[in-house]
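Trainee: Dropping the structure in here first, questions after.
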Amino acid sequence: MYARSTTISGDPQALDRGIAYVRDEVMPAVQDMAGCLGLSMLADRGSGRCIVTTSWRDREAMQASAEGVRSMRDRAAEVFEGGFEVREWEIAAMHRRHEAHHGACTRVTWLRGEPDGMERSIEGFRTTLAPRLDDLPGFCSVSLMTHTAEGMAVAAVTYDSREDMVETRGQAQALRDELAPALGLAVTEVAEFDLVLAHLRVPETV
C-alpha cells in the first residue's frame with residue numbers, strides 16, 4: 001500500500017474553511033478514484049499547518065491519481081491561504097488497537113536513516129516498537145510510512161484525546177531516545193496535531 005501526503009502551511013484563520021473544503025469536496029472526489037483506500041487530515045490550529053494524506057492500493061493507483069488531484073491541491077492552497085509540499089510514501093506498517101473517534105490527536109515523528117538499512121528499521125519498528133505502544137494511555141493506532149530511496153520515514157501515533165497525547169509525552173520521548181538509534185534512525189522533527197478527518201482505511205499489518 002502507498003500514500004501521498006500534502007503538507008499545507010496555511011493561515012490559522014483559514015483553517016476551518018480549509019477543513020470544510022477537504023471534507024466536503026476533496027475527500028469524496030478522491031475516494032471515487034480507482035484504488036483509493038481513504039483519506040486523513042491532521043491540523044495544528046496554532047500554526048495553520050495541516051497534513052492531508054491519501055492511501056492507495058498500490059503505486060500504480062497512486063501515480064494514476066496524480067493528475068486528478070492536482071487542481072484540488074492548488075485550490076486547497078488558495079482556501080488555506082498558504083503553500084504546500086507533496087511527498088509519496090510506502091505504507092510499511094499499521095498497528096491499530098481501535099478506530100479513532102472525535103477528539104483524537106496524533107503525534108508525528110519524522111526520521112531519517114541509511115537507505116540500505118531501511119528494511120531492518122521497518123522490521124524493528126514492527127516487532128519492537130509497535131507492541132510497546134499498546135501500553136501508552138489512550139493509544140489508538142500507529143502507522144509507519146517510508147521512502148526507502150531517500151532514507152526517510154514518518155511515524156504517526158494517534159491517541160483518544162489531547163489529554164492522552166500530552167500525558168504520554170515523556171514516555172514517547174523515552175521510546176524515541178531508546179529505539180530510534182537501535183533501529184538505525186535519527187529523529188528530525190516531532191509535532192502534534194488534531195486528527196480532524198480519520199478515514200485513511202489502511203488495514204492492520206503488524
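Residue numbers (the UniProt record's numbering): 1 to 206.
Using N, Cα and C, we set each Cβ at its ideal position, and we do this for glycine too.
Tell me whether glycine 151 is buried or exposed, calling it buried when 16 or more other Cβ atoms sit within 10 Å of its Cβ.
Mentor: So glycine 151 ends up on the buried side.
Trainee: With DSSP run on the structure shown, which of helix, strand or coil describes leucine 111?
Mentor: If DSSP states are grouped into helix, strand and coil, leucine 111 belongs with the strands.
Trainee: Whole angstroms are fine: how far does the CA of glycine 18 sit from the CA of leucine 37?
Mentor: Looking at the two C-alpha atoms, the distance is approximately 22 Å.
Trainee: Among Ala14, Ala61, Met72 and Thr6, which has the Cα closest to the Cα of aspartate 28?
Mentor: It should be pointed out that residue 28 corresponds to proline in this sequence rather than to aspartate. For proline 28, the nearest C-alpha among the options comes from Met72.
Trainee: Could you give the C-beta distance for glutamate 81 and alanine 14, rounded to a whole number, given that I count them as a contact under 8 Å?
Mentor: That pair is a contact at about 5 Å.
Trainee: Straight-line CA distance for alanine 61 to glutamate 88?
Mentor: If you take the alpha carbons of alanine 61 and glutamate 88, they lie about 12 Å apart.
Trainee: Measuring CB to CB, does valine 142 end up less than 8 Å from valine 166?
Mentor: No, the pair does not count as a contact, with Cβ atoms beyond the cut-off.
Trainee: Cα separation between arginine 201 and isoleucine 8?
Mentor: Going by the C-alpha atoms only, they are around 22 Å apart.
Trainee: Below 8 Å, can you find three or more Cβ-Cβ pairs linking the region 123-138 to the region 170-177?
Mentor: Yes, the region 123-138 is in contact with the region 170-177.
Trainee: Mapping DSSP to helix, strand and coil, what is leucine 37?
Mentor: The answer is strand: DSSP assigns leucine 37 an E or B state.
Trainee: If I follow the unbroken alpha helix (DSSP H) through leucine 197, where does it start and stop?
Mentor: It is not in any alpha helix (DSSP H) - leucine 197 instead sits in the beta strand (DSSP E) that spans 185-199.
Trainee: Do the CB positions of valine 52 and valine 22 come within less than 8 Å of each other?
Mentor: In contact: valine 52 and valine 22 (Cβ atoms closer than 8 Å).
Trainee: Quick check on isoleucine 8 - is its C-beta less than 8 Å from some C-beta in chain C?
Mentor: Although the question refers to chain C, the structure presented lacks it and comprises just one protein chain.
Trainee: Could you tell me which whole alpha helix (DSSP H) segments of length 4 or greater appear in the region 58-87?
Mentor: You should have 59-64 and 66-80.
Trainee: Can you name the start and end residues of the beta strand (DSSP E) that valine 157 belongs to?
Mentor: 152-159 is the extent of the beta strand (DSSP E) around valine 157.
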